[in-house]
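> Protein sequence lines correspond, in order, to chains A and B. Residue 108 is where the first sequence starts when you use this note's numbering, and the numbers rise one by one after that. Residue 108 is where the second sequence starts when you use this note's numbering, and the numbers rise one by one after that. Think of the CB as a built atom: it goes at the ideal place given N, C-alpha and C, for glycine as much as any other residue.
There are 2 protein chains.
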Amino acid sequence: MGFRIVHGSPDIDRIAYGRAVAVYVIGSTMTSTIPGISLAGSMPIATLFTPALDVEYLFYGRPVSLDIVPTTPTGIPTPAIITRVSLQLSKTPFLVVNAGSYIEPAIPRIDLPSKTVGRRIDVEDALPRGTSRRLFEEASSIGYALGSVADIVLVGESIPAGTTTAMSILLGLGYNAYSIVSSSSKDNPLELKRRVVEKAVRRLRGGEDPFTINDIVGDPLHISVAGIALGALRAEALVVLAGGTQMLAALALMKAIEQLFKQSNVILATTRWIYRDRGREIVDFVKENTPGIAVVYTDIGFEDAPSDGLRAYEEGYVKEGVGAGGTAFLAIARGVDAATLKKGIYLEYERITRGVASDS
Amino acid sequence: MGFRIVHGSPDIDRIAYGRAVAVYVIGSTMTSTIPGISLAGSMPIATLFTPALDVEYLFYGRPVSLDIVPTTPTGIPTPAIITRVSLQLSKTPFLVVNAGSYIEPAIPRIDLPSKTVGRRIDVEDALPRGTSRRLFEEASSIGYALGSVADIVLVGESIPAGTTTAMSILLGLGYNAYSIVSSSSKDNPLELKRRVVEKAVRRLRGGEDPFTINDIVGDPLHISVAGIALGALRAEALVVLAGGTQMLAALALMKAIEQLFKQSNVILATTRWIYRDRGREIVDFVKENTPGIAVVYTDIGFEDAPSDGLRAYEEGYVKEGVGAGGTAFLAIARGVDAATLKKGIYLEYERITRGVASDS
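1. What three-state label does DSSP hand residue 119(A) in the structure shown?
2. In this structure, how does DSSP classify residue 265(A) when only helix, strand and coil are distinguished?
3. Output, in chain order, the set of chain A residues within a Cβ distance shorter than 9 Å of residue 324(B).
4. Interface residues of chain B around residue 213(A) at Cβ under 7 Å?
5. Can you check whether the CB of residue 374(A) is closer than 7 Å to the CB of residue 401(A)?
6. So who's on the other strand from residue 114(B), going by DSSP bridges?
7. Does any residue of chain A bring its CB to less than 7 Å from the CB of residue 257(B)?
8. Pull up the distance between the alpha-carbon of residue 385(B) and that of residue 360(B), whole angstroms please.
9. From the DSSP output, in three-state form, read off residue 146(B) for me.
10. Based on the DSSP secondary-structure assignment, which residues constitute the bridge partners of residue 134(B)?
11. Below 8 Å on the Cβ atoms is my guess for residue 409(B) versus residue 420(B); work out the distance and round it to an integer in Å.
12. Along the chain, where does the alpha helix (DSSP H) that runs through residue 218(A) open and close?
13. Residues of chain A with CB closer than 8 Å to the CB of residue 200(B), please, in chain order.
14. Hey, could you find the ends of the alpha helix (DSSP H) residue 389(A) is sitting in?
15. By DSSP, does residue 440(A) sit in helix, in strand, or in coil?
16. Going along the region 120-144 of chain A in order, which residues come within less than 8 Å of chain B, judged by CB to CB distance?
17. Going by DSSP, which residues form a beta bridge with residue 347(B)?
18. Considering only residues of the same chain and omitting the five flanking positions on each side of residue 417(B), which have a CB-CB separation below 6 Å?
19. For residue 340(B), which option in 352(B), 371(B), 318(B), 354(B) has the closest C-alpha, if you only look at C-alpha atoms?
20. Runs of 4 residues minimum, wholly inside the region 291-320 of chain A: which ones carry the alpha helix (DSSP H) assignment?
21. Would you report the Cα separation of residue 242(B) and residue 313(A), rounded to the nearest angstrom?
22. On the DSSP letters alone, give me the boundaries of the alpha helix (DSSP H) that residue 362(A) sits inside.
23. Terminal residues of the continuous alpha helix (DSSP H) containing residue 166(B)?
24. Which chain B residues are close to residue 245(A), counting only those with a beta carbon under 8 Å from its beta carbon?
25. Closest Cβ-Cβ distance between residue 248(B) and chain A: below 7 Å?
26. Could you give the C-beta distance for residue 429(A) and residue 138(A), rounded to a whole number, given that I count them as a contact under 8 Å?
27. Going by other Cβ atoms of all chains shown within 10 Å of its Cβ, with 16 needed for buried, is residue 237(A) buried or exposed?
28. DSSP three-state call for residue 128(A): helix, strand or coil?
29. Please report the straight-line C-alpha distance between residue 157(A) and residue 383(A), rounded to a whole angstrom.
30. Beta-carbon within less than 7 Å of residue 332(B)'s beta-carbon, same chain only, minus the 5 sequence neighbours each way: which residues are those?
31. For residue 336(B), tell me which candidate among 109(B), 129(B), 114(B) has the shortest Cα-Cα distance.
32. Report the residue from 123(B), 114(B), 305(B) whose alpha carbon sits nearest the alpha carbon of residue 345(B).
33. State the CB to CB distance for the pair residue 164(A) and residue 147(A), rounded to an integer number of angstroms; the pair is presumed to be in contact (CB under 8 Å).
34. Please look up how many angstroms separate the CB atoms of residue 215(B) and residue 205(B), rounded, as I've assumed it's under 8 Å.
35. Could you compute how far the alpha carbon of residue 223(B) sits from the alpha carbon of residue 300(A)?
See below:
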């Protein structure tokens, strides 16, 4: 059927027939410029452009701030390709929320007034004190507004080095996160991440509230994702957290801020590649901490892709991002045939690597 | 019943029971700094702050960029008071779209990437060539996204000197607009507006497309309102144009850009004060140019207001703005009692003039 339910009982009828809106939150953390920590860019400095280019590509079919579709250093394309094709085939409307992208994307987007680029968490506090609470409240108002008109609010993200700051947030909130997080790399640079994160959490004194913890060790994005999700839940929408292990950091923030949020209205939806890499860790985390939510993954593979770039996903590169797995899940649950979706992604990859201009 | 239908047959059931979202578009034109042309600020230069302060007040219950609720030079408060109480009592979610506010409002808002402050139309072209088409397309994508999840998209506006640029846009598009437009002043400074507008339209050569006409004689806001409206109509939503004579400029742009837009899905909704001042002109315009739309006004009066500031509305000051009439109509149509709404506005006025902090 194109997706698999691995925990809980998501309300697939509501997903299939409700009104849906997708939200992609973008942000930057200077942590992504630490050499070797993130593959979400052709070189470390390019990771600062990736969130803006990702959402410009979603909107226009081509990035405009730079005319380059984001890739890894070896040329593997952004998962935003999966997202864009899923949105188009399912005719799902989407909005972008800027929580602190290094580059302002040249598209209509919701700017949170407290948006800030996160600082390098290995050397200094991530955000000016008080920022996380404001970002949370601003994002929450957007989630509430969207959740008031939509039945389903999907939240995806793009922040290079996001698995590192997610690890840091989880640790800061008291979870044993060292082995939980995945990576856009085939060989997860866990030792490097651990060194960075250890320096960050050393600044915590213990007893800080979740907003302060995020100010010290986090980034602008995960707290904003948590805000949108809790705002949408308050408006009684169903929330799809479209992402992998980073969404565990968002979940942990949600729980720390609002202990009794309605777990049965939350679905964590990711890709098969994340599930292969960290499926057990995700399900274990959920069972222990947020057992009421559902976990699904999209079972689309690229083994037969005509291009090396997409086949590399099967080898464990990239894996997830820009809500790819969750948006594909939404599309399939709403009637898009999984084979058609895959074919659409292959064609789209061909289009962008040929550099053909989009008409959208 | 709190509102009156003066033209057409609006689908009140849909208004009453559908899902609604309100959008307030803000923008500035340097035209508002011409002395005497706009009362939407305590002095000409203050008009540049008014759009940001209006929407900050909507969001937080108090303006934050400056701690001053916008008033006319004689202290009559912004109609955003009516808007805020209507939104709160009807629990209507809202978003702000920034099309070119001189001040960036310190709230979460949708920024159009081509946002630009409009220039003084009496001395130079309003916008860099090409801006209007881009603003329109960007706004249209937002309208489409919101119209895809909501049944009703209400569009209001805040742009000082907006009646002047509306007159200019209408003239530029070939309408005899000199006597159509209303004013925030009791004594509409029509001669001054006419002089300004004549200088603007003199730059037209004839035969320009509507985007170019707006680049030359318009402002960033009305074209963005037209974009949101047409985008929402494309998604089959019902559109409430919440405003007075300025919305005729938006309608004229809509018609010039998309001749066959679905008029039966459009309602122009304003206040009794605008209707008193320019009701005949509005209905005549609609009958002649967009006969398929409906026109309604909110029949709430402030004769018995405890404060001079609100009673001044009955004398013809301010009259409309920030979607006041349309938002009140939406609230009443969705079940808010008109007397309760009026009482709420009186209490809110008391709160803000006392300077009591809001818990929003």
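Quick answer:
1. helix
2. strand
3. Simply none; closest approach about 24 Å.
4. 220
5. yes
6. 402(B)
7. yes
8. 20 Å
9. coil
10. 207(B)
11. 5 Å
12. Where residue 218(A) is concerned, there is no enclosing alpha helix (DSSP H), although the beta strand (DSSP E) it sits in stretches over 216-218.
13. 251, 252, 253, 255, 256, 342
14. 379-396
15. helix
16. 126, 127, 128
17. 261(B), 374(B)
18. 409, 456
19. 371(B)
20. 297-308
21. 49 Å
22. 353-364
23. 157-167
24. 214, 215
25. yes
26. 19 Å between Cβ atoms; not a contact.
27. exposed
28. strand
29. 25 Å
30. 132, 262, 264, 357
31. 129(B)
32. 123(B)
33. Actually they are not in contact, since the Cβ atoms of residue 164(A) and residue 147(A) sit about 13 Å apart, beyond 8 Å.
34. At roughly 11 Å, the Cβ-Cβ gap does not stay under 8 Å, so residue 215(B) and residue 205(B) are not in contact.
35. 42 Å
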